[in-house]
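The structure under discussion appears below in the form of structure tokens.
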Amino acid sequence: VSRRWRSVCFLLRYHDVPQHSKKLFLKASRTEVVGALATFKAKFEESMYNGATEPSGAEGTSSYSLKQLNFALSKGLSDGELVDFRLREAKILYFFRHVPIRCWHLPHVLLSDEPLLQDIHQQLICPLRPGRGRSRGAGACCCRVASLGGGPGFDAIGLSLMAVMQQLHVQFEVTNYDIEATWEEVVQAVDTHLCAPLGHVARFGVCDITEGLDPAGSNSAFTAALGPAADGFDIFAVEFVVAENSLKLEATDFLLFRQLFRRVPPSTVFVFMDATHRYWAKLVAVAAEEGRFDAALPHFEAGKSLFGFPKHVLVLRKQPALRAGEVPAASASVSSRLAWFESHRKAHGEWWKRRAAGGDEDSDETSTLPETLQCDAQVE
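Converting from the sequence shown to my numbering requires adding 20 to each position, the first position being numbered 1.
Structure (structure tokens):
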């Protein structure tokens, strides 16, 4: 964990990075950011471990629990089933292991050289004219982010640091929605020890992406925050939850996302990130049935995951409606890539059916799949 945090501080001083990332690093207020990270880590450990340097429990128990959790994440990606995050010690170790990388995923996407992302950056984060974003003083704005599956507050940390490093006159209000309610104590620590001192907000709410919007159901808090006009958030960041919940999502025809695509106002942005691109074409098709959307597939150089670059990304931005069912605006290259992704999804579905029918989880049938599809079964 300590090596990973030192690597984050190293990245803040690192200049030989892809062009779009220089925006993130070259303008960094290094003393403030590195100091905030060090203070946050110390206070977070103290609040989580009650002053101890390691979680309580038998020697080796925490590491073993984390290995079990990582195995469950890999299995969930392949089988499309929900992963259990209830074990506290494993959750905390998972947080410390992944936060130095995961916190940069959304900032890297928002700073991408993709034309659509550059437009979104100017529109929501650095508005040049009145419009989206609620005022928080002269010339400032508030960007409201719903992090679905954000659990321990990765996005809140990354956006807070990005705002300082980019010297953005914006306040990020990030609400982390997750089905695992015990993440709340981690998000509270993130808000207290990092986001609030930097002038931003991190909250937590329970949400089940396999259920629809319902003021009286399991998503009541999310539905209330969304508001009657569904304009409660500017950005919906959906991270590493689509693939592991794919069975239930497909059974409900992606009900929650379908409702959101239909109800949110124009200019609302959806950022999907996952360990596989298998469901991107399906999500674009669902969005097209509910409205008119621009689509982009930001691509980052392979092997850059240690710099916090997400592996697979889909970005959708809603446009004013023209007619129901219109295909989202997409270039020929985006359309061809989506068709390729859809072939992966279908091939994986057929493989999964064969494996289930054979009853042998150790079956060698993955060798019959395309090589790129086999590589999708890796979790960051």
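For each residue, glycine too, the CB sits at the ideal point set by N, CA and C.
Subject >> DSSP beta-bridge partners of residue 256 >> reply: Note: residue 256 is bridge-paired with 166 and 290 in the DSSP secondary-structure output.
Original post:
What's the call for residue 178, buried or exposed, on a 16-neighbour Cβ count within 10 Å?
Top reply: Around the beta carbon of residue 178, 16 or more other beta carbons lie within 10 angstroms, which makes this residue buried.
Original post:
Contact between the stretch 111-118 and the stretch 309-319: three or more CB pairs below 8 Å?
Top reply: Not touching, per the Cβ criterion.
Subject >> Residue environment, residue 387, which counts as buried when at least 16 other CB atoms sit within 10 Å >> reply: Only weak support is given to the placement of residue 387: the predicted model assigns it a pLDDT of 42, under 50, and the value that follows is read from those uncertain coordinates. With fewer than 16 neighbouring CB atoms inside 10 Å of its own CB, residue 387 falls in the exposed class.
Subject >> Span of the alpha helix (DSSP H) around residue 209 >> reply: Per DSSP, residue 209 belongs to the alpha helix (DSSP H) from 204-210.
Original post:
Between residue 130 and residue 202, what straight-line distance do the alpha-carbon atoms span, to the nearest angstrom?
Top reply: Taking the straight line from one Cα to the other gives about 29 Å.
**OP:** Keeping to the same chain, check which residues put their C-beta closer than 7 Å to that of residue 137; ignore five residues upstream and five downstream.
**Re:** 129, 130, 316, 318 and 335, listed in sequence order.
**OP:** Going by CA-CA distance only, name the one from 259, 195, 65 and 339 that's closest to residue 300.
**Re:** Of the listed residues, the one whose Cα sits closest to residue 300 is 259.
Subject >> Spatially closest choice to residue 197 from 134, 230 and 331, by CA coordinates >> reply: Considering only alpha carbons, the answer is 230.
**OP:** Have a look at residue 181 and residue 371 and give me their C-alpha separation to the nearest angstrom.
**Re:** Cα to Cα, residue 181 sits roughly 42 Å from residue 371.
Subject >> Spatial distance of residue 263 from residue 296 (CA atoms) >> reply: Those two C-alpha atoms are separated by around 7 Å.
**OP:** Per DSSP, which residues does residue 262 bridge with? Please list them.
**Re:** In DSSP, residue 262 forms no bridge with anything.
Original post:
Whose C-beta lies closer than 7 Å to the C-beta of residue 47 among residues of the same chain, with five residues either side of it excluded?
Top reply: The predicted position of residue 47 is uncertain, since its pLDDT is 43 and thus under 50; a value taken from the coordinates is nonetheless stated next. So the list reads 185, 186 and 187, once near-sequence residues are dropped.
**OP:** Please find out if some non-hydrogen atom of the ligand SAM comes closer than 7 Å to the beta-carbon of residue 161.
**Re:** Among the components of this structure there are no ligands whatsoever, and the ligand SAM is therefore not found.
Subject >> Environment of residue 169 [buried if 16+ CB atoms lie within 10 Å] >> reply: Here residue 169 is buried, its C-beta having at least 16 other C-beta atoms within 10 Å.
**OP:** Work out the CA separation of residue 377 and residue 340 for me, nearest whole Å.
**Re:** The straight-line gap from Cα to Cα measures roughly 46 Å.
**OP:** Could you pull the start and end residues of the beta strand (DSSP E) that residue 198 belongs to?
**Re:** Residues 190-198.
Subject >> As assigned by DSSP and simplified to three states, the class of residue 331 >> reply: In this structure, residue 331 counts as coil in the three-state DSSP scheme.
Subject >> Buried or exposed (CB count within 10 angstroms, at least 16 for buried), residue 152 >> reply: Low local confidence applies: a pLDDT of 48 at residue 152 is under 50, so the model's placement there is unreliable, and no value is given.
Original post:
Would residue 306 pass as a contact of residue 329 if the rule is Cβ separation under 8 Å?
Top reply: No; because the gap between Cβ atoms is not below 8 Å, this pair is not in contact.
Original post:
From the DSSP output, which residues share a beta bridge with residue 225?
Top reply: Beta-bridge pairing links residue 225 to 197.
Original post:
Name the DSSP bridge partner or partners of residue 313?
Top reply: DSSP, once it has assigned bridges, lists 338 as partnering residue 313.
Original post:
Contact check, residue 210 vs residue 167 under 8 Å by CB: the rounded distance?
Top reply: The C-beta distance from residue 210 to residue 167 rounds to 11 Å, too long to fall under 8 Å, and the pair is not in contact.
**OP:** Quick one: grab the DSSP three-state call for residue 215.
**Re:** Taken through DSSP and simplified to helix, strand or coil, residue 215 comes out as helix.
**OP:** Would you kindly report the start and end of the unbroken alpha helix (DSSP H) that includes residue 125?
**Re:** Counting along the chain, the unbroken alpha helix (DSSP H) around residue 125 starts and ends at 125-130.
Original post:
Can you check whether the CB of residue 304 is closer than 8 Å to the CB of residue 254?
Top reply: No, these two residues do not count as a Cβ contact at 8 Å.
Original post:
Pick from 172, 183 and 373: whose alpha carbon is nearest that of residue 117?
Top reply: For the options 172, 183 and 373, the alpha carbon positioned closest to that of residue 117 is the one of 172.
**OP:** Using 10 angstroms around the beta-carbon of residue 314, count the other beta-carbons present and answer buried if the total reaches 16, otherwise exposed.
**Re:** Counting Cβ neighbours within 10 Å, residue 314 comes out buried, since at least 16 surround it.
Original post:
Where do the ends of the alpha helix (DSSP H) carrying residue 135 lie?
Top reply: Element bounds for residue 135: 135-140.
Original post:
Around the Cβ of residue 243, are there at least 16 other Cβ atoms within 10 angstroms (buried) or fewer (exposed)?
Top reply: By the neighbour-count rule (16 or more Cβ atoms within 10 Å), residue 243 is buried.
Subject >> Straight-line Cα distance separating residue 256 from residue 292 >> reply: Distance between the alpha carbons of residue 292 and residue 256: 8 Å.
Original post:
Is it buried or exposed for residue 248, if we count other Cβ within 10 angstroms and need 16 for buried?
Top reply: So residue 248 counts as exposed.
**OP:** Could you tell me if residue 366 is buried or exposed, where buried requires 16 or more neighbouring beta carbons within 10 angstroms of its beta carbon?
**Re:** By the neighbour-count criterion, in which a residue is buried when 16 or more other Cβ atoms sit within 10 angstroms of its Cβ, residue 366 is exposed.
Original post:
When the Cα atoms are used, what is the spatial distance from residue 162 to residue 373?
Top reply: Rounded to whole angstroms, residue 162 to residue 373 spans 47 Å at the Cα level.
**OP:** For residue 296, name the three-state secondary structure that DSSP assigns.
**Re:** Correct three-state label for residue 296: coil.
Subject >> Nearest-angstrom Cα separation, counted from residue 354 out to residue 232 >> reply: Straight-line measurement puts the Cα of residue 354 at about 29 Å from the Cα of residue 232.
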